[in-house]
Each structure stands twice: as C-alpha cells, then as structure tokens.
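Asker: Residues in the sequence shown are numbered consecutively from 1, following full-length UniProt numbering. Note that CB positions come from ideal geometry on N, CA and C, so glycine has one too. Just so you know, these numbers come straight off a predicted model, no measurement behind them.
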Amino acid sequence: MWKMNKLLVRLYQVIEAEQKKHVWILLVLMVLTSVTELAGIGAIVPLMMVASYPEKINDFGLLIPDWLLVGNNLLIVSGAIFLVFIVISNLVQIFTQFFLNRFSQGVASKLGNRLLVYYLHQPLVFHLNSDSKQLQSYMINELDRVGTNIIAPALRFFSRVISIALVSAVVFVLSPIIAISLMAVLVGAYWLIFRVLRGRAENNGREISRLSTKRIQYLIEGFEGIRELLIYQKQQLYTDSYAKTNLQISRSQADNLTLGFAPHYLVELVALVGMLVITLSFMISMGGIVNALPWIAFYAMAAFRLIPAFQQAYLALASMRGSQASLELLIDDLEKSKLFRPGLIDEVDVNPINVIQLKNMDFSFNGEFKLFSKLNYSFFNDGITLLKGPSGLGKSTLANLIMGLLKPDSGEVQYDQQPSAYGLIGLVPQHVFLLNATVEKNIAFGKKIDPKRISWAIKMAEIDFLSQDGAQQIVEDSGKNFSGGQRQRLGLARALYQEHSWLVLDEATSALDADLEEKIIASIQSYSKNHGVIVISHSSAWESKADKILDLQQQHSEPAS
Ligand SMILES: Nc1ncnc2c1ncn2[C@@H]1O[C@H](COP(=O)(O)OP(=O)(O)O)[C@@H](O)[C@H]1O
Ligand SMILES: [Mg+2]
C-alpha cells in the first residue's frame, strides 16, 4: 500500500500544473456528488414518515400549507421531492464520471506526448542500450493501463471514500452502534479480502506488462520477417509464441477482473444478513413494522449506497494494484520527460566546418571491447576521404562518432575547434529509412519543399526510376515498392537536399551496379569541391577516385601519429 502511495505522489508531481488544478476541481465535484447522494438518502425518511403515520404529521412542527394536507397531496409531494433528489444525485454522478474519465485519459495522453518527445530526443546510445519493443510497449500498453487502471481508479477511490465517510457519519449521528457495526463489517470484509488478494493482482499485473512487450515483439518481427517466414515456412515460430503469450495475458487480465468483482457477492451476502438483523432488532425495539419502517428504509437506503461504494472503492484499489507494475516501469521516464526540453539547432548560425579532427579518441561499446584506441585523424572539406577496412572493424561506428551520434570514451572529435556539430552533417546509411509519403517529401524530409532543388537532388542521385507521377510518386510502407538500390538513391537525394556542409556515405552505393556507381561517384566528386565528403565503401571504384584514404585496419595495427 505504501509503495502505491509513493507512486501516486510521484505521478501527481509529474502531471501538468493545469491538470493538478483539475484534480482539485474533481475532488470538489466528488464532495458535491456525495452530498447530493446523501440528500437523496435523507429524503426518504420524511417520505416514509408521511407514508407510515400521516396522522402525526403536525407533531413534526413543520409549517405545512393546508392544501398539502388534502387527500394524498403530501404523500405525492414528498415522493416528488425524494425523486428530485435522487435524479439530481445521479445526474451529478454522471457529470463527475464524465469529467473524471476525460481527465484521466487526458492525463495519460499528455504524458504519452511528453514521453515520445523525450524518447525521440535521446542520443543514439540511449536507443542502442534500450529495447525498442519495450519502449513501444510503454507507449502503447503501459501508458494506457496507467490512465485506465490507475489514474481513473485512484480518483474513483477518493470519491467513494468521501461518500462512505459522509454516509457513515450521518448514520453514526442517528445510531452510533449500527454505524460502527455496519462499517466494521464492510471495512473488515473488504480489507481482509484485499490483503489476501492484492499480491496476486500485483503479480498478474507484472506478468501482463512483461508479456505485452513480448506480444508486440512477436507482432513486429512476424510482419517484418514475412519474406523469411514464407520462404522457410516458419510462420509457426510467431503464431505459436503469439498464441501462448496471448493466452497468458488474457488469463492474467481475466483473473484480475475476477479479483476485483468476486468479493462483491460475498459482501452482499454479509450485508443482507446484516440488514435482516437490523430489521428484526428495529421491529422488536420499536414495537412493530409501522414504527420501524422509516428507519429501516433509511438504513436500507444507506446500505444501498454504502455497499456499492465499498465495492467500487475496493475495485479501484484492486485495479490499481493490478497495474502498479505499469506505473513502476514508467515513473522514472515520466519524471525525466517532465524535466526534458528538446534543444533546437539554430539553422541560421551554422558555419561550414573546414576540418573534423579525431584527437586521441578511444571508443568501446559498453566499455567492453575497445573499437578505437588513441585514434588521431583529420578530415578536410576539400575532396573525398575514403574510410575502408574489413567488415565489423568499426567503420559505421566511426561515422556515428564523426556525426556526434556517439560520444568517445576519451579524447575528442573537434569541428574547427568547436566541440559539437550535432545535426550538421548529412548521412546516407546503407539501409535508408523511408516515410510513407511522396518521393518529394522523402527527399525534403521535413524541410521546405523547393521544386528546383528537388529536381537537382533527383538528378545528382541518378534517380531515373520514378513513375509518371515523378516526385509525387508515393513511397509505400517503408519503401516496399522500390528496390534496394533505388532506396539508396532516394537516401542520397535526401542527404544532398539537406544542405549540410559535410556528407557521410556509409556503403551508400553497395546495391548499385558498376555503371550507376560510376555516375554517382562523378556527382559526389563535383559535390566534394565545396563540401566535405567521407565515404565508407569496399568498392575499388571509390578507392580510385578518393583524395585521401583512412584504412582502419592499419589504424588498428599501428596507431597514427
Ligand atoms: N550497439 C552495439 N553494441 C555493441 N556492439 C556493437 C554495436 N554496434 C556495433 N557493434 C560492434 O562494433 C563492431 C563494429 O561495428 P560497425 O561499426 O558496424 O562495423 P563496420 O561498419 O565496420 O562493418 C562490430 O564488431 C559490432 O559487433
Ligand atoms: Mg557498417
């Protein structure tokens, strides 16, 4: 219980100031709901009194106009007042529920927006060290569970506690003994049940969180690997794992639902027995059903409100327990995302970089295997520098270091004596990422579209495969309507369009035939007259055209001076 409280406090601190205000508005609304609820319960007493002993009506000392005493008028009016109270009470309830649900889903969605901003601005190392499927599961499953199973129930719990407190206070004023025994039975029963079951709910919640990530993984991999699955007829690898995980998730979810609802029946039984005892004792002590009726009705009304209130409060707690794991997973990142402000690169102030210097640079992944040790090298912006070396020696990693996507362990990368050029160097990766949008939008990639420049980039990248739609042709589903070589050329056009003073090509022509590669080399050669170009390639065509060569294998055997 304590842990949940702490988590809720942290969650409250993480939401926006505006939403914090709404929490308090909601609490006021909840008190209002409880008061009207209570008025509804209270309204039944005069009604029952009028019904039970109309002849004693004047004894109550109320000022009753004469017309009310004619025929059944009084009865009808009291009934109407009772009805009005009940209707108001239920209307306020509906409104509060509406507000509460809007609020809790709203909080979850705002948290989600912020979390995505935070994740997508994290450095590459963050993403290399985290499981993308898990982050996707956070965004899709866990946030949803926090909104639906924690925020809304937490508020509902408070609203129920307020009305339980009010109703039981009134019952207490009228009959302390009955109030205490009623409360003792209900609190005791639910508390016991909660103590016994909360561990299971929490464990189920943990299982649901763990398995949801797996389920997303099976889905993504299954669809991404469809070609291999079809070739090797191994769909079962995914359909079986998916089915198994799905079954486990559905069981845990179902069990948590049962844990929430099962006590209801038990407590209803206890309460029914309690009502019977109360009814009998009233009848005996008050000398007959007629005298006891208003009070019995009052207590029946109180129980009618109290039992569901207890059940809902319990249900809220059980649901929170069942999804506590989701909040535990998210809360650190939610806190970080609250403090996070994405830094913007000031595009106006970008000076072209003349030299990129690696100075005594060390780098290893996770401090394990040392990829570079005391690496020194200077890249100049006149001409093409070829970066070569056997596969797996660290060429792509070095490109990432040069672009500032990774940071050296020690030593540094300097850009004309500046410490950073983050976002100022273009890249054509071996596997180009394409948007589901037009070719034009893929090339501009968020920059303003300048048709002339688009044509220039298309020409430079030897893009000769477009349909009659030209640059308006649609790139479908990450580029599945283009070949590997065509995707590479789209990637090149994009990098050229971005107007960075440096360009890195990481095996960017590996899928092209010799003719096309020659043409692109010629484009890049002319481009390199006023841009820095670093090319990673195994091809001899590039080697013969390169102005300088950095051979990583030599760097390994004899560190450069
Ligand atoms: N995210 C990573 N975590 C740990 N090791 C990595 C990671 N990325 C690459 N490596 C390792 O670093 C080495 C260099 O990788 P890479 O730079 O891609 O090589 P190249 O581009 O020269 O073929 C490889 O041995 C690879 O196993
Ligand atoms: Mg590579």
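Note down the Cα distance separating S104 from I193, rounded to an integer number of angstroms.
Answerer: Working through the sequence shown from its first residue, we reach residue 104 at position 104. Working through the sequence shown from its first residue, we reach residue 193 at position 193. Approximately 27 Å, taken between the alpha carbons.
Asker: According to DSSP, which residues form a beta bridge with W502?
Answerer: Residue mapping note: residue 502 aligns to position 502 of the sequence shown, counting from 1. Paired residues: I425, G532.
Asker: Quick check on the burial criterion: 16 or more other C-beta atoms within 10 angstroms. Buried or exposed for G288?
Answerer: Numbered from its first residue, the sequence shown carries residue 288 at position 288. It counts as exposed.
Asker: With N481 as the anchor, note down where its alpha helix (DSSP H) starts and where it stops.
Answerer: As a first step, residue 481 is located in the sequence shown; it is residue number 481 there, counting from the start. Taken as a continuous stretch (DSSP letters only), N481 belongs to no alpha helix (DSSP H), as it is neither H nor E.
Asker: What residues in its chain sit with their C-beta under 7 Å from that of Y510, if we drop five residues either side in the sequence?
Answerer: Taking the sequence shown and counting its residues from 1, one reaches residue 510 at position 510. One point to set straight first is that residue 510 is Ser, not Tyr, in the sequence displayed. Closer than 7 Å at the Cβ level, and outside the excluded window around S510, lie Q430.
Asker: Beta-carbon within less than 6 Å of A546's beta-carbon, same chain only, minus the 5 sequence neighbours each way: which residues are those?
Answerer: On the sequence shown, residue 546 is found 546 positions in, with the first residue counted as 1. So the qualifying residues of the chain are I384, L386.
Asker: Kindly provide the chain-ordered list of residues whose Cβ lies closer than 5 Å to any non-hydrogen atom of ligand 1.
Answerer: Per the Cβ criterion, the list is L128, F365, S391, G392, L393, G394, K395, S396, T397.
Asker: How is N376 classed by DSSP in three states: helix, strand or coil?
Answerer: The residue given as residue 376 occupies position 376 in the sequence shown. Of the three classes helix, strand and coil, the one that applies to N376 here is strand, per DSSP.
Asker: If we require 4 or more residues per run, which alpha helix (DSSP H) segments fall completely within the stretch 234-292?
Answerer: Counting only runs of 4 or more, we get 235-286.
Asker: What would DSSP say about M460, mapped onto helix, strand or coil?
Answerer: In the sequence shown, counting from the first residue as 1, residue 460 sits at position 460. Helix, per DSSP.
Asker: Helix, strand or coil: which one does DSSP assign to V413?
Answerer: The sequence position of residue 413 within the sequence shown is 413, counting from 1. Note: V413 maps to strand in three-state DSSP.
Asker: K519 bridges to which residues according to DSSP?
Answerer: To locate residue 519, count along the sequence shown from 1; it is residue 519. DSSP, once it has assigned bridges, lists no residue as partnering K519.
Asker: Tell me, please, whether the stretch 114-124 touches the stretch 390-407 by the rule of three or more beta-carbon pairs shorter than 8 Å.
Answerer: Contact between the stretch 114-124 and the stretch 390-407 is present, because at least three Cβ pairs lie under 8 Å.
Asker: Below 8 Å, how does it come out for the stretch 229-249 and the stretch 156-171: are there three or more Cβ pairs, yes or no?
Answerer: These segments do not touch.
Asker: Rounded to a whole number of angstroms, what is the C-alpha to C-alpha distance between N530 and D382?
Answerer: Position 530 of the sequence shown, counted from the first residue, corresponds to residue 530. Position 382 of the sequence shown, counted from the first residue, corresponds to residue 382. Computed Cα separation, rounded: 7 Å.
Asker: Can you find the residues in the same chain that come closer than 8 Å, C-beta to C-beta, to M275, ignoring five residues on each side of it along the sequence?
Answerer: Within the sequence shown, the letter at position 275 stands for residue 275. Excluding sequence neighbours, M275 sits near Y299, A300, A303.
Asker: Should F379 go down as buried or exposed, given a rule of 16 or more other Cβ atoms within 10 Å for buried?
Answerer: For this step, residue 379 is matched to residue 379 along the sequence shown. So F379 counts as buried.
Asker: Got a sec: does ligand 2 put a non-hydrogen atom nearer than 7 Å to the Cβ of D551?
Answerer: The residue you call residue 551 lines up with position 551 of the sequence shown. No, since every heavy atom of ligand 2 falls outside the 7 Å radius drawn around the Cβ of D551.
Asker: Please report the Cβ distance between I353 and G532, rounded to the nearest whole angstrom; I am assuming they are in contact, meaning their Cβ atoms lie under 8 Å.
Answerer: Here residue 353 refers to the residue found at position 353 of the sequence shown. Here residue 532 refers to the residue found at position 532 of the sequence shown. With 8 Å as the limit, I353 and G532 qualify as a contact, their Cβ atoms being about 7 Å apart.
Asker: Taking the continuous alpha helix (DSSP H) assigned at V84, which residues delimit it?
Answerer: The count along the sequence shown starts at 1 and reaches residue 84 at position 84. Unbroken alpha helix (DSSP H) run through V84: 73-120.
Asker: For ligand 2, any of its heavy atoms closer than 7 Å to the Cβ of D477?
Answerer: On the sequence shown, position 477 is the one that residue 477 refers to. No; taking the cut-off as 7 Å, the Cβ of D477 has no heavy atom of ligand 2 nearer than that.
Asker: Tell me which residue opens and which closes the alpha helix (DSSP H) that Q13 is part of.
Answerer: For this step, residue 13 is matched to residue 13 along the sequence shown. Taken as a continuous stretch (DSSP letters only), the alpha helix (DSSP H) holding Q13 covers 2-14.
Asker: With DSSP run on the structure shown, which of helix, strand or coil describes Q19?
Answerer: The residue given as residue 19 occupies position 19 in the sequence shown. Helix, per DSSP.
Asker: Counting pairs of beta carbons, one from the stretch 317-330 and one from the stretch 91-100, are three or more of them closer than 8 Å?
Answerer: Contact between the stretch 317-330 and the stretch 91-100 is absent, because fewer than three Cβ pairs lie under 8 Å.
Asker: Kindly confirm or deny that the stretch 442-457 and the stretch 484-502 touch, where touching means at least three C-beta pairs closer than 8 Å.
Answerer: The stretch 442-457 is in contact with the stretch 484-502.
Asker: Using DSSP with H/G/I as helix, E/B as strand and the rest coil, what is K447?
Answerer: For the purposes of this step, residue 447 is taken as residue 447 along the sequence shown, with counting starting at 1. K447: coil per DSSP, three-state reduction.
Asker: Count the other CB atoms within 10 Å of the CB of W24; is the residue buried (16 or more) or exposed (fewer)?
Answerer: What you label residue 24 is simply residue 24 of the sequence shown in a count that begins at 1. With fewer than 16 other Cβ atoms within 10 Å, it is exposed.
Asker: Count the other CB atoms, across all protein chains shown, that sit within 10 Å of the CB of S557; report buried if there are 16 or more and exposed otherwise.
Answerer: In the sequence shown, the residue the question calls residue 557 occupies position 557. Confidence is the limiting factor: at S557 the pLDDT is only 49, short of 50, which leaves the residue's position unreliable, though a coordinate-based value still follows. Burial call: exposed.
Asker: Does the Cβ of G392 have 16 or more other Cβ atoms within 10 Å, making it buried, or fewer, making it exposed?
Answerer: One-based indexing of the sequence shown puts residue 392 at position 392. Classification for G392: exposed.
Asker: Quick one: residues in its chain with C-beta nearer than 7 Å to the C-beta of Y119, no 5 flanking neighbours on either side, listed in chain order?
Answerer: One-based indexing of the sequence shown puts residue 119 at position 119. Within the same chain, Y119 has close Cβ partners L135.
Asker: For the beta strand (DSSP E) containing L358, list its first residue and its last residue.
Answerer: Walking along the sequence shown from the start, residue 358 turns up at place 358. Note, L358: beta strand (DSSP E), 355-364.
Asker: If you drop the 5 nearest sequence neighbours on each side, which residues of the same chain put their C-beta closer than 6 Å to that of E517?
Answerer: Here residue 517 refers to the residue found at position 517 when the sequence shown is read from its first residue. Cβ within range, chain order: T509, A541.
Asker: Any heavy atom of ligand 2 closer than 7 Å to the beta-carbon of A506?
Answerer: Here the question's residue 506 lines up with position 506 in the sequence shown. The question names Ala, but residue 506 in the sequence shown is Asp. Yes - ligand 2 has a heavy atom lying nearer than 7 Å to the Cβ of D506.
Asker: Please tell me whether L334 and L115 are closer than 8 Å, where the distance is taken between their beta carbons.
Answerer: The count along the sequence shown starts at 1 and reaches residue 334 at position 334. The count along the sequence shown starts at 1 and reaches residue 115 at position 115. For L334 and L115, yes; Cβs fall inside 8 Å.
Asker: I need the DSSP call for D551, collapsed to helix, strand or coil.
Answerer: Working through the sequence shown from its first residue, we reach residue 551 at position 551. Of the three classes helix, strand and coil, the one that applies to D551 here is strand, per DSSP.
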